[in-house]
Amino acid sequence: MVSDGGGWTVFQRRFNGSVDFYRNFTDYENGFGFVDGEYWLGLKYIHEIASQGGNQLRIDIVRSDGSTGYDVYDNSSIESGPNYTIHVGSRLRFSGIFEGYSLKQGNGYASSPDGHSFSTYDHDTDSDRGNCASDFHGGWWYNSCYIFNPNGLYQPGSRNNSEHMAYAGEEGLKATTLMFKSI
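In case it helps, UniProt numbering puts the sequence shown at residues 1 to 183.
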């Protein structure tokens, strides 16, 4: 990916709803989808890319109205399995619709994934009394439960449920791209 100086490895991409992201832990660990379409690279491969410090994490999102934003974090990493805990570093820069929200700090609506294990409906590791992955229809580093849900249902523009892919509880997103880069 050539964004922000290039060198990015995309580990999640969604833009048309052609791939179902409501998957079990094994699927998230091994990966699914199509490299020329929507996909999740696989936790074990994401870990290999982002297991050391010195990586940047970048998130690009597009709303249904076409407005965009990106968010970049320094010194981010993912531990090995079985839980693949994510560590989100300090925020470097952001633009557009990320104003007022940070993946690192969460907000009054939800909490940050930083320091949390990857959770799916059959591998519940979140700190919520329920099962966030089941409730919000997708695997993620849920805390209790999310500020960002890129793997939820694909329903761009939806405001009538919390199961869609969303950022900070807003309307369903049109597209997401998540990536790491070694620096």
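The C-beta atom is built at its ideal place from N, Cα and C for all residues, glycine as well.
Practice item. Using a threshold of 9 Å, state whether the C-beta atoms of Gly37 and Asn16 are closer than that. Key: yes
Review point. What's the C-alpha gap between Ile97 and Gly66?
Key: 11 Å
**Study point:** Closest residue to Arg93 among Ser77, Glu79, Tyr73 and His87 (Cα-Cα distance)
**Key:** Tyr73
Review point. Relative to the alpha-carbon of Ser127, which residue among Asn149, Ser144 and Gly6 has its alpha-carbon at the smallest distance?
Key: Ser144
Review point. Tell me, which residues are paired with Trp8 by DSSP?
Key: None, per the DSSP bridge assignment.
Practice item. Tell me whether Ala46 is buried or exposed, calling it buried when 16 or more other Cβ atoms sit within 10 Å of its Cβ. Key: The question names Ala, but residue 46 in the sequence shown is Ile. Classification of Ile46: buried, given that the 10 Å Cβ count is 16 or more.
Check your understanding: Taking the continuous beta strand (DSSP E) assigned at Asn55, which residues delimit it?
Key -> Asn55 to Arg63
Check your understanding: For Asn143, which three-state DSSP category applies?
Key -> Correct three-state label for Asn143: coil.
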